[in-house]
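Right, one structure below, let's go through it.
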Amino acid sequence: MNAFNPRTAEELFALGARRITASVELTAEEIEGLTAPWAGAGFDVMLHGRPEGMTIEHCTLSAAFDREVTTCRDLCVQKHPDVALTDPTGYTFPVATDSACRNRLLHSRAVDGSEFAPRLWRAGIRGFRLVFNTRGEPVQGIVTAYRGVLDALERGETPDIAAVRSALGGEFTRGHFARAV
862 MNAFNPRTAE
872 ELFALGARRI
882 TASVELTAEE
892 IEGLTAPWAG
902 AGFDVMLHGR
912 PEGMTIEHCT
922 LSAAFDREVT
932 TCRDLCVQKH
942 PDVALTDPTG
952 YTFPVATDSA
962 CRNRLLHSRA
972 VDGSEFAPRL
982 WRAGIRGFRL
992 VFNTRGEPVQ
1002 GIVTAYRGVL
1012 DALERGETPD
1022 IAAVRSALGG
1032 EFTRGHFARA
1042 V
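The sequence shown runs 862 to 1042 under my numbering.
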């Protein structure tokens, strides 16, 4: 479940939810406000990944190749698994396809929330998500670096944020952790 405000979280918990993910559109300060009534307990925060920016109901590949959905035959999966759209400024946005042929436009760069992990930890949050939804990501290196951050926080030490940034290869965004939508 995804929550944007404490009222939604309250309703979700009342309906039996045990874990709620804070919306990826919230700043670190807003996440603190969302989770404060529960001292962070029961909440997850996505620290890494490419959030979905938009859902496209019609397949971009089918449109590009002038095909109908009924004659497509999994063109995206079989011949073009790495589809991306590039905007006028040069940013490339990966396109993921679901089983209903909807396209999901992902962020151009992975979100890195490692610098906000200490603040979220102090707010009582202990559930952190790493989302790997594009091919070729250095999963082992990223997981190891984030594990190091969380282990350091658990020991009361200052985490090595540079290790995460190094594992990401230098290309990342801070997402909405620092700047509101």
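Virtual Cβ for every residue (Gly too), placed ideally from N, Cα, C.
Linking Pro-867 to Gly-894 through their CA atoms gives a straight-line distance of about 8 Å. Taking 8 Å as the cut-off, the Cβ atoms of Gly-1036 and Pro-1020 do not count as close.
Per DSSP, the beta bridge partners of Leu-967 are Glu-913. Note on geometry: alpha-carbon atoms of Pro-912 and Val-885 lie some 7 Å from one another. Secondary structure at Phe-954: strand, using DSSP grouped into helix, strand and coil. Judged by pairs of C-beta atoms under 8 Å, the segment 979-987 does not touch the segment 947-956, as fewer than three such pairs exist. Counting only runs of 4 or more residues that sit fully inside the segment 958-1015, the alpha helix (DSSP H) segments are 978-983 and 1000-1015, in chain order.
Assignment of Leu-1029 by DSSP, reduced to helix, strand and coil, places it in the coil class.
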